[in-house]
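So the structure is just underneath, and the comments pick up after that.
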Amino acid sequence: MPAKRKRLRFRVNRATGLLAAARQVASPNQDERPAGLEPELIVIHCISLPPGEFGGPWIDQLFTNRLDPAAHPCFAEIAGLRVSAHLLIRRDGELVQYVPFNRRAWHAGESHWRGRERCNDFSIGIELEGTDEGDYTTAQYRRLAATIRALCRAYPALSAERLAGHCDIAPGRKTDPGPSFDRGRLARWLAPRSDYTSPGKAHA
Ligand SMILES: [Zn+2]
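Right, dumping it as structure tokens:
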């Protein structure tokens with residue numbers, strides 16, 4: 023039987039809205055959530071800059087309005103965007119937080135979920151570094167699941183069922199995280215560990 027990967031346990035500080043495991047890079051593209059609204063939905067996105075290429079400082083620069091439009095031909099049309107996400111999970115599993123979870127990040131755009139519009143008001147946006155077509159990494163699924171578990175502990179209105187892709191809340195306009203995002207694989211990382219057998223039991 024293959025060795026099971028140990029699950030990570032992350033912590034979200036409710037007072038600050040920060041994930042302890044993440045490198046912090048503050049984005050100016052954020053504001054307060056409407057009064058009384060708490061995170062109720064987690065939206066999964068993907069991003070790569072330039073498209074299809076991984077690594078590099080470009081995503082940090084885009085989300086902090088410092089992207090040089092001359093650095094790549096495709097940057098000219100996006101350099102002026104004022105966008106952000108709460109969290110980025112890079113290919114190697116590095117976590118970068120741009121906006122505290124208790125504040126509003128600008129990730130969803132025109133969107134609706136279960137009859138409600140403006141999903142930014144009540145959602146948390148998580149970007150996976152990747153593309154619609156290429157597989158995401160095990161490091162990303164593992165850290166995404168640990169992040170979701172930590173968010174569900176911090177914000178009672180969230181649950182593992184309150185997950186959507188950007189494509190689900192902006193159909194026809196957005197396709198990310200794409201068919202390459204394996205929801206079953208995420209669900210297995212999120213499922214309770216009912217199959218766990220301690221070494222003592224195994225030899226009983
Ligand atoms: Zn998106």
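All residue numbers for the sequence shown refer to the numbering used here, where the first residue is 23 and numbers rise by one.
Each residue gets a CB set at the ideal place from its N, CA and C atoms; glycine is no exception.
For Leu84, the enclosing alpha helix (DSSP H) starts and ends at Trp80 to Phe85.
Inter-segment contact for the region 50-68 and the region 178-189 is present: three or more beta-carbon pairs are separated by less than 8 Å. The three-state secondary structure of Ala186, taken from DSSP, is strand. Note on Cys68: 16 or more other CB atoms within 10 angstroms of its CB, so buried under the neighbour-count rule. Between Gly39 and Phe123 the beta-carbon gap is near 4 Å, inside 8 Å, which marks them as a contact.
By alpha-carbon distance to Asn87, the top candidate from Glu99, Glu54 and Pro95 is Glu99. Shown here, Ile111 sits in a strand according to DSSP, grouped into three states. Annotation for Ile170: no beta strand (DSSP E) segment contains it, though the alpha helix (DSSP H) segment containing it runs Thr160 to Ala176.
Residue pairing by DSSP leaves Asn142 without any beta bridge partner. With a cut-off of 6 Å, the C-beta of His108 is classified as distant from ligand 1, since no heavy atom of the ligand falls inside that distance.
Under DSSP, the beta-bridge partners assigned to Cys68 are Leu150. The residue from Asp190, Leu208 and Trp211 with its alpha-carbon nearest to that of Glu139 is Asp190.
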